[in-house]
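Participant:
In the working numbering, the protein residues as written are 1057 to 1282.
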């Protein structure tokens, strides 16, 4: 009997890669360009996963829309400069064990891997190329073409791309935005604790894991497979 195809969608920042240093560096450069103090690290990390427009609307809520737009562009420029200076793999390194996990999951014939990220297409492509990951993902959804998380648009588009149903789709991420997006799309969410939101923020997840090695087992439990 043929098994159904199953879609495993990953968030990027805080889930696959540790981009905290690059995010903070770009934030400092962006706010300095406008003569503004940089928000505290905890405040910055709390918005990781949102589209940049929405993130800066929160971080600089007292500023005008025009100034927020300048902050967004300054952040993009600073982040791109870091990537050029350090290379994508050093500016945003993979968490230990991530490559092995992706290889393990991709070797199962029924599995299709995807991405849903608040990154731009340019940023995601540079990251995938820098880590030689492009060939592992069949669908990649970015902020350029969708409303910000937690709107379900990215998950819905990924399912359409590969022809997989809600019951055969799982979203894996580190933030409340990822888990709320999964819930809005009607798919199961697996929260991970090594990223940027506290475990307590992952209440919408079907389950929460503390180690990458636990993800295959969590998927088997959700899908009730051996």
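The beta-carbon is built from N, C-alpha and C at its ideal position, and this holds for glycine as well.
What residues match up with residue 1066 in a beta bridge as DSSP calls it?
Facilitator: Position 10 of the chain shown, counted from the start, is the residue given in the question as residue 1066. Looking at the DSSP assignment, residue 1066 forms a beta bridge with 1171 and 1228.
Participant: Between the Cα of residue 1036 and the Cα atoms of 1115, 1172 and 1107, which residue gives the shortest distance?
Facilitator: Absent from the model: residue 1036. The displayed extent of the chain is 1057 to 1282, so no value can be given.
Participant: Looking at the strands, I want to know which residues DSSP matches up with residue 1073.
Facilitator: For this step, residue 1073 is matched to residue 17 along the chain shown. Paired residues: 1069 and 1150.
Participant: Less than 8 Å between the CB atoms is what I'm expecting for residue 1027 and residue 1235, so what's the real figure, rounded?
Facilitator: Past the boundaries of the shown model lies residue 1027; the chain is included only from 1057 to 1282, so the question cannot be answered.
Participant: In the DSSP output, which residue or residues are listed as bridge partners for residue 1298?
Facilitator: What the structure shows of the chain is the stretch from 1057 to 1282, and residue 1298 is not part of that stretch, so it cannot be assessed.
Participant: Are there 16 or more other CB atoms within 10 angstroms of the CB of residue 1098, so buried, or fewer, so exposed?
Facilitator: Along the chain shown, one-based indexing puts residue 1098 at 42. Residue 1098 comes out exposed.
Participant: Where are the beta strand (DSSP E) runs, 3 residues long or more, that stay fully inside the region 1188–1262, in chain order?
Facilitator: 1195–1197, 1225–1229 and 1244–1248
Participant: What residue range does the alpha helix (DSSP H) around residue 1267 cover?
Facilitator: By 1-based counting over the chain shown, the position of residue 1267 is 211. Element bounds for residue 1267: n/a, residue is neither H nor E.
Participant: So residue 1243 packs on residue 1264, CB below 8 Å; how close in whole Å?
Facilitator: Your numbering for residue 1243 matches position 187 in the chain shown. Your numbering for residue 1264 matches position 208 in the chain shown. Their Cβ separation, rounded to whole angstroms, is 16 Å, which puts residue 1243 and residue 1264 out of contact at 8 Å.
Participant: With distances taken between CB atoms, is the gap from residue 1208 to residue 1233 smaller than 7 Å?
Facilitator: The residue labelled residue 1208 in the question sits at position 152 within the chain shown. The residue labelled residue 1233 in the question sits at position 177 within the chain shown. Cβ atoms of residue 1208 and residue 1233: not closer than 7 Å.
Participant: In terms of residue numbering, what span does the alpha helix (DSSP H) encompassing residue 1117 cover?
Facilitator: Residue mapping note: residue 1117 aligns to position 61 of the chain shown, counting from 1. Run containing residue 1117: none; DSSP gives neither H nor E here.
Participant: From what residue to what residue does the alpha helix (DSSP H) around residue 1061 run?
Facilitator: To locate residue 1061, count along the chain shown from 1; it is residue 5. Judged by DSSP secondary structure, residue 1061 falls outside any alpha helix (DSSP H); it is assigned neither H nor E.
Participant: Starting from residue 1180 and walking both ways along the alpha helix (DSSP H), at which residues does that stretch end?
Facilitator: Reading the chain shown from its first residue, position 124 is the one you call residue 1180. Counting along the chain, the alpha helix (DSSP H) containing residue 1180 begins and ends at 1177–1186.
Participant: Roughly how many angstroms lie between the CA atoms of residue 1274 and residue 1075, to the nearest whole one?
Facilitator: Along the chain shown, read from residue 1 onward, the residue named residue 1274 stands at position 218. Along the chain shown, read from residue 1 onward, the residue named residue 1075 stands at position 19. Distance between the alpha carbons of residue 1274 and residue 1075: 25 Å.
Participant: Could you tell me whether the region 1085–1092 touches the region 1117–1129, using the rule of 3 or more Cβ pairs below 8 Å?
Facilitator: yes
Participant: Quick one: what's got a C-beta closer than 8 Å to residue 1093's C-beta in the same chain, skipping five residues either side?
Facilitator: Position 37 of the chain shown, counted from the start, is the residue given in the question as residue 1093. Counting only Cβ-Cβ distances below 8 Å, and skipping sequence neighbours, we find 1087.
Participant: Considering only the beta carbon of each residue, do residue 1228 and residue 1066 sit closer than 7 Å?
Facilitator: For this step, residue 1228 is matched to residue 172 along the chain shown. For this step, residue 1066 is matched to residue 10 along the chain shown. In contact: residue 1228 and residue 1066 (Cβ atoms closer than 7 Å).
Participant: Report the option in 1269, 1169 and 1157 whose CA atom is closest to the CA atom of residue 1215.
Facilitator: Counting from 1 along the chain shown, the entry for residue 1215 is found at position 159. Nearest of 1269, 1169 and 1157 to residue 1215, Cα basis: 1169.
Participant: With a threshold of 6 Å on Cβ separation, who are the neighbours of residue 1195 within its own chain once the five nearest residues in sequence on each side are excluded?
Facilitator: Along the chain shown, one-based indexing puts residue 1195 at 139. Answer for residue 1195: 1170, 1214, 1217 and 1218, listed in chain order.
Participant: Assuming the contact rule is C-beta atoms closer than 8 Å, residue 1102 and residue 1148 should be a hit. Round their C-beta distance to whole Å, please.
Facilitator: For the purposes of this step, residue 1102 is identified with residue 46 of the chain shown, where counting begins at 1. For the purposes of this step, residue 1148 is identified with residue 92 of the chain shown, where counting begins at 1. At roughly 19 Å, the Cβ-Cβ gap does not stay under 8 Å, so residue 1102 and residue 1148 are not in contact.
Participant: Keeping to the same chain, check which residues put their C-beta closer than 6 Å to that of residue 1202; ignore five residues upstream and five downstream.
Facilitator: Sequence index remark: in the chain shown, residue 1202 carries index 146 (1-based). Hits under 6 Å: 1209 and 1210.
Participant: Just how far apart, CA to CA, sit residue 1109 and residue 1091?
Facilitator: Translated into positions along the chain shown, residue 1109 becomes position 53. Translated into positions along the chain shown, residue 1091 becomes position 35. Taking the straight line joining both Cα atoms gives about 19 Å.
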